[in-house]
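See structure below.
Residue numbers (this note's numbering): 421 to 867.
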């Protein structure tokens, strides 16, 4: 018995040492920066929620939440799904960096501007309140800057500390601006909206300066062929991303339509902690995605490490975020927002499942299975719409929470099928070949 225990202990230590690779250490450093940035952002976000809910009330806060829900769709489309595609293509052809960066700027700016104009026109036609139209218009035009994050270029070079520090600076600056407005009784809907938009502009300016220093000798090199090459894959990811956002942001829209701005504002509070958890998952993605696209990203041992990492983080974050939500609702927010707690806890559990399911998302992209990914999201949207149609009209908060949760779980069930295909190694032929010194460095470190 003792020998058996010693054998298992030895095997555990050997498996555990697999995390102590150069890539693992580098990922830990990068993740610590990203988590620090996200932590500051979430603390500032909670402070903003406290100030905004007290200053705006449920009606105006619901209008702001609606505008931000729309912005999540706008940001997704204007970003054009380029981030994972750029990571994959930069690993294959690092010498085409100038062409990729130029195409990224042209595509994102063009789409963001078109969407901003279209959103303002639609808001002027559909919304009765001039203040609501102005709020949505400011958010839409601010989204142009919010979409230009340059994230794939920082991630490709494994220098996530730069955007993380930028986030810390801009979030603290935005909080100080909100606090200044609140202390002078000037925090109404329009000043709050302008402050958010200016924060996105400041972030873009700082990141643009940093990427200019990071990519030494950058020259404008627009190629329609390169742009079309990127869009050929990315449009499927845009579609997948839009389908993903339908349950998360569409729930607020449906509740607003059926029950008004006040209930939508309460649901926005319920969704705050789940969104924060998914934001952390996004930081984890940024560190690990470049390695997933390396040749070692499809090995069984690497995927098992991914599973352990994501599951462990999901469990810890669900517990921590649940406690933070309970404290915020009971001790920080006005009494009218207490109804957000039960639905918020349900959404947190679903967000934990969705966080783990992101492994399949990146793995499917790595093997070129974007079409299958779209089918997974279509199934999730179908489940959301059916459940929401049955429950939201009668049970606005819990009905929306259950609809979002069931959509996420059903989408993961199909995504895992794609992950099983990856584990079985039945589609290795679709994996892009990589070349160049940067790709070799990634491969060497991933081992």
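We treat Cβ as the ideally placed atom computed from N, Cα and C, and that holds for glycine.
For residue i, three-class secondary structure by DSSP
i: residue 791; result: helix
i: residue 813; result: coil
i: residue 605; result: coil
i: residue 453; result: helix
i: residue 696; result: helix
i: residue 389; result: The structure shown does not extend to residue 389, since the chain is modelled only from 421 through 867, so no value can be given for it.
i: residue 732; result: helix
i: residue 462; result: helix
i: residue 616; result: helix
i: residue 767; result: helix
i: residue 753; result: coil
i: residue 758; result: coil
i: residue 776; result: helix
i: residue 480; result: helix
i: residue 635; result: coil
i: residue 746; result: helix
i: residue 643; result: coil
i: residue 570; result: coil
Span of the alpha helix (DSSP H), counted from its first residue to its last, around residue i
i: residue 538; result: 517-546
i: residue 577; result: Element bounds for residue 577: n/a, residue is neither H nor E.
i: residue 553; result: 550-567
i: residue 681; result: 681-690
Own chain residues within Cβ distance below 7 Å of residue i, not counting five before or after
i: residue 822; result: 766, 807, 811
i: residue 627; result: 569, 570, 583, 586
i: residue 752; result: 470
Close beta carbons around residue i, own chain, < 6 Å, minus the five adjacent residues each side
i: residue 469; result: none
i: residue 762; result: none
i: residue 697; result: 737, 741, 771
i: residue 601; result: 607, 611
i: residue 654; result: 500, 501, 502, 505
i: residue 733; result: none
Residue i versus residue j - alpha carbon distance
i: residue 700; j: residue 692; result: 13 Å
i: residue 583; j: residue 574; result: 8 Å
i: residue 664; j: residue 488; result: 16 Å
i: residue 463; j: residue 657; result: 31 Å
i: residue 809; j: residue 834; result: 22 Å
i: residue 846; j: residue 793; result: Per-residue confidence for residue 846 stands at a pLDDT of 45, beneath the threshold of 50, marking its modelled position as unreliable; no derived number is given.
i: residue 605; j: residue 471; result: 11 Å
i: residue 837; j: residue 609; result: 45 Å
i: residue 885; j: residue 702; result: Residue 885 lies beyond the residue range present for the chain, which begins at 421 and ends at 867; the question has no answer from this structure.
i: residue 687; j: residue 758; result: 11 Å
i: residue 679; j: residue 813; result: 8 Å
i: residue 525; j: residue 588; result: 24 Å
i: residue 798; j: residue 828; result: 11 Å
i: residue 667; j: residue 727; result: 24 Å
i: residue 534; j: residue 745; result: 37 Å
i: residue 495; j: residue 755; result: 33 Å
i: residue 591; j: residue 660; result: 29 Å
i: residue 690; j: residue 541; result: 30 Å
i: residue 651; j: residue 529; result: 14 Å
Beta-carbon contacts of residue i that lie in its chain and below 8 Å, excluding the five residues immediately before and after
i: residue 599; result: 467, 471
i: residue 614; result: 558
Quick check for students: name the residue ranges of the alpha helix (DSSP H) that lie wholly in the segment 487-519, counting only runs of 4 or more. Those alpha helix (DSSP H) runs which fall completely within the segment 487-519 and span 4+ residues are 502-512.
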